[in-house]
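Residue numbers (the numbering used here), protein chains in the order written: chain A, 1 to 591; chain B, 1 to 298. All residues carry an ideal CB built from backbone N, CA and C; glycine is no exception. The structure displayed is predicted, hence computed values, not measured ones. Notes follow once the structure below has been shown.
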Amino acid sequence: MSGTASVAEVRERRVAGFGGLSLAVQERGEAGRPPVVLVHGYPDDHAVWDLVADRLAADHHVVTYDVRGAGASEIPADRAGYRIEALIADLDAVIGATSPDRPVHLVAHDWGSIQSWSAVTDPVVGRRFASFTSMSGPGLDHVAAWIRAHRIPGRGRWRDARRQAVRSWYIAAFRTSIPAKVWERGRLADGFPLLLERVDGARVDDRWPGPNLVANGVNGIELYRANMYGRTAPKVPPTTQVPVQLVVPVGDRYVTPALLDGMERVAPNLVRREVGGGHWIPRSNPDLVARLVAEHVAVVEAGRALTPDPERDVVVVTGAGSGIGRSVSLAFAERGAHVIATDLRTDTVARTAELCRLLGGTAESHALDVTDGDAFDELAARVAAEHGAPSIVVNNAGLGMAGAFLDTTDEDWDLLLDVNLRGVIRGSRTFGRLMVDGGRAGHIVNIASAAAFTPSRTLAAYATSKAAVLMLTECLRAELADHAIGVSAICPGFVDTGIATATRYVGATDAEQDERRRSADRMYKRRRVTPDAVADAVLRAVDGNRPLVPVAAEARLGLLAQRFAPHLRRAIARIDLTPPAPTRRRTEDPS
Amino acid sequence: MSQWSVVKTATPPPTPARRGHAPTPDQLDAFRAVQQLAYRAAADVAATLEPGMTERQAALALRRRLEADGVDDWFHLPFAWFGDRAAFWHFRVPLQFLPTNRRLEEGMGFILDAAPVVRGATADIGFTATCGANPAVEQIMDDLAAHRTLIVDQVRAGRTFREVYEAVDRLAAEQGYANRHHAYPAHVIGHAIEPLDPGPGIGLTPARFGRRHVRSLVRTIAVGRRERWSPLWSGEPRSGHPPVAGLWAMEPHLGLRGAGAKFEEILVITDDDAFWLDDDLPHVRRWADRGITPTGAR
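If you want it as structure tokens, here you go:
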């Protein structure tokens, strides 16, 4: 991502807003290009958009302005001057002055987005808009309806309401005189830029938050006082047909993604894009915001329909040459994804790619040894060059190993951990970095095992490696949540894959190995859990962002035992579950 | 197109089959004629299927056609599976194979499966085709060629039925397909076909199976249990016996997610050999047309 977009030339002018109040307006880019109007929030002024505006200026006519009371615009004389009707009239005036004939593409953040929702749903002013990209600001009527709906318990509504209430503390605080005093004391003004930089990763410079921060902070409180308290929302909120792109930064500390649920009732032609990052995403990831706005504008200008995700899923799967990896690849291919199938063996993974193409996806295959960190880096560089960041990574490659712990050697452990644990670490880190930098929402799926929470005397090494994968998954899930990247562990039980025929039995002779593998494979086959069932679980995990998905009854029972009957679990752990060296069955022919 | 490794083992002297039921040449001719009749009818009916028709309509059309052609009894009435039902996708109970009101759509693969009887000679066929283009189904049909060779080679080598089943499983896994015959009743890849005396017609059909034939099969299961073999050819321990002489309807059925394909035809096992009853069948001709060798290579 480049942080060095050229700085566009800014043309400043003043426009008379509602009641003749003078507004500071800035224009960038040629006038004939698609017009984009950027509206800032609280406690910002137009400078919050500088980075995005510079990036859009090459292909758009970009208009920013200071909302009344902020930046270089005039300050209303009384609270009534901050009413939403006045704000809408200001926006109308700015558009009238800069793009009188051509409908504009509206982009708004935070309070700017709140007032913009009122503007686009306004029957008269609403005609001025070709599209709307909304960030971190729901409509006031929507919030009222949301709160009403969330009084009824069920489906996590109270949880969502509680979470949002905690984050909305400042709205209650703004009724008192304390916040204004805090701003004026200067302590907050000093610390605020640092807070933005450290907590939200926002890019701070001398213009943003800038010299007007205190004035913006104090005056802007009137926005809340004039519009939020004691407001009666209409029973049936007004709607709009304007194509809306709802950009939802999942790490937002002030507006929870849940608060934006149901916005499609206000704007039926809406597409929601969850992205990584926090509240000040125009400052923390201007490249992403500029790209999303430009795409939305291009789609609307071309008269095309909005698509939930303009980019197809790009899915990386390790160990895709057989078993679960192959089934997962096929499942994503069936959904039309681009599958990047990798495996140690080139012939089997090439076949996987071939099958993916048969199912309607596109696919490529690469040889990849998950124990080779350099190979991972090379692959990542190739993927980045051709596809940007992958949207889904499935760390599946794994080895089986069974037998008594005391019979295991250092080499056994090295090999097992290198594949089962470090392979997952490498995959998650290499591609996780790409995904975070890319900024789009995504998912990492790690194939663990029911053995991760089911101890067994014969699976010490394997179960340990998988337990580590499970813990890694949980930690990573917490870390990447703010980047809109979900992380899931899939814990299958006995699945009929090639693993039983490739499991290494420590402390067994070669002949015993073969016998045990064969009888284990037969046991797995009789259990009849197919890799397709695991692939379905992976899809469920990605679609529902589930932290842990057990597959097969034994995995679910293992989870239950872990929670409610740990002593039972320990008792079961003492049973030798590896198939005994088989004796000839009665039905087996003596020949 | 890669070539699948078809296991050819040095043939140990085949174990003499314990059941001297090798059919006479006359019987073979009669069975071959019914199999031809059934495949011809299935191909003709398949050619008339159009988008919008249901499985029930297709199954009924095939029944009417075969009965008009002189079929006087059924081992089982025709089944028709459209789209992902032809892969038994997400089937939980065997009864889901009964024909439904699923409608045929452009681009769907489908399977017609019927077991008509003419004067005591039974055929059991599975005919896969597509309505329009379906590359996944076509590829599975191509790759089934290797299975046909594998089965007969393994039987000739004197492998136990269970080992043959497992060999098919391994080849399917190598090809990237799921074994869908496991979803069949008793998880069979094949079953014994027994010459029955001409009877009074089909009468009652529990789950579309002919009662007389099922009763006969159950009797054979009982006999087989004593003699330690099973007329139901599966991967279970009960199939861990060397080849048994007689007629066996083999039905390898493979799936790639929602795409499925199978063939079904009679394998003749004699005391010292095994061969497919007939090589002049639609799927074999299709492989020849597409230049696919019996080992599945192109």
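Range covered by the beta strand (DSSP E) that runs through residue i
i, result
"Q26/A", "22-28"
"I485/A", "485-492"
"P78/B", "73-82"
"V549/A", "548-551"
"Q245/A", "244-249"
"F332/A", "From DSSP, F332/A is part of no beta strand (DSSP E) but of the alpha helix (DSSP H) over 323-334."
"L270/A", "270-275"
"R592/A", "Because chain A is modelled from 1 through 591, residue 592/A falls outside the range shown and cannot be assessed."
"P116/B", "109-118"
"M135/A", "129-135"
"R11/A", "11-16"
Under 8 Å between C-beta atoms of residue i and residue j
i, j, result
"C131/B", "E106/B", "yes"
"R103/B", "M53/B", "yes"
"L358/A", "Q175/B", "no"
"R175/A", "R79/A", "no"
"F275/B", "A183/B", "no"
"S329/A", "V339/A", "yes"
"Y65/A", "Q115/A", "no"
"N269/A", "V244/A", "yes"
"V10/A", "R28/A", "yes"
"G262/A", "W146/A", "yes"
"A38/B", "L66/B", "yes"
"L470/A", "A452/A", "yes"
"A363/A", "A341/A", "yes"
"P100/A", "L21/A", "no"
"V275/A", "G41/A", "no"
Proximal chain A residues relative to residue i, where beta-carbon distance stays under 7 Å
i, result
"Q139/B", "L358"
Under 8 Å by beta carbon: chain B residues contacting residue i
i, result
"G498/A", "A173"
"E334/A", "R257, G258"
"K525/A", "D169, G235"
Residue i versus the options, residue with shortest Cα-Cα distance
i, options, result
"G373/A", "V315/A, R429/A, R345/A", "R429/A"
"A541/A", "V487/A, A144/A, N269/A", "V487/A"
"H181/B", "Y165/B, I193/B, P195/B, A192/B", "Y165/B"
"H187/B", "L28/B, L232/B, R298/B, L98/B", "L232/B"
"G423/A", "L344/A, A384/A, E184/A", "L344/A"
"G70/B", "P195/B, H283/B, A146/B, A41/B", "A41/B"
"L399/A", "G19/A, D418/A, R382/A", "D418/A"
"V118/B", "A30/B, G83/B, A129/B", "A30/B"
"L559/A", "L539/A, A520/A, V255/A, C491/A", "C491/A"
"A333/A", "R298/B, R257/B, P25/B", "R257/B"
"A63/A", "V52/A, A70/A, G69/A", "The residue you asked about is not Ala; residue 63/A is Val in the sequence shown. Checked all of V52/A, A70/A, G69/A; the closest Cα to V63/A is V52/A."
"F239/B", "G190/B, Q57/B, R56/B", "Note that residue 239/B is Ser in the sequence shown here, rather than Phe. Nearest option by C-alpha distance: G190/B."
"D287/A", "D576/A, S6/A, R570/A", "S6/A"
"D252/A", "A404/A, M135/A, A93/A, P550/A", "M135/A"
"G246/B", "R212/B, T220/B, G260/B, A259/B", "T220/B"
"F75/B", "I202/B, E227/B, E265/B", "I202/B"
Partner residues on chain B for residue i, Cβ-Cβ distance less than 7 Å
i, result
"D514/A", "Chain B residues near D514/A: none, gap ~14 Å exceeds 7 Å."
"T530/A", "A178"
Where the alpha helix (DSSP H) through residue i begins and ends
i, result
"Y170/A", "169-173"
"H296/A", "286-301"
"H142/A", "140-149"
"N216/A", "213-227"
"K181/A", "178-185"
"T501/A", "499-502"
"A173/B", "161-175"
"W287/B", "282-289"
"M263/A", "Here M263/A belongs to no alpha helix (DSSP H), and DSSP marks it neither H nor E."
"M141/B", "135-156"
"A363/A", "Note, A363/A: premise wrong, no alpha helix (DSSP H); beta strand (DSSP E) at 362-367."
"I88/A", "84-98"
Chain D residues whose Cβ lies nearer than 7 Å to that of residue i
i, result
"G176/B", "Absence of chain D from the displayed structure is noted, the protein chains being A and B."
9 Å Cβ cut-off: residues of chain B touching residue i
i, result
"L330/A", "G176, L256, R257"
- Going along the chain, which residues of the region 225-247 of chain B sit with their C-beta nearer than 7 Å to a C-beta in chain A? Answer in chain order: R228, G235, P237, R238, G240, H241, P242.
- Item | the region 114-135 of chain B: positions lying closer than 8 Å to chain A by Cβ | P135
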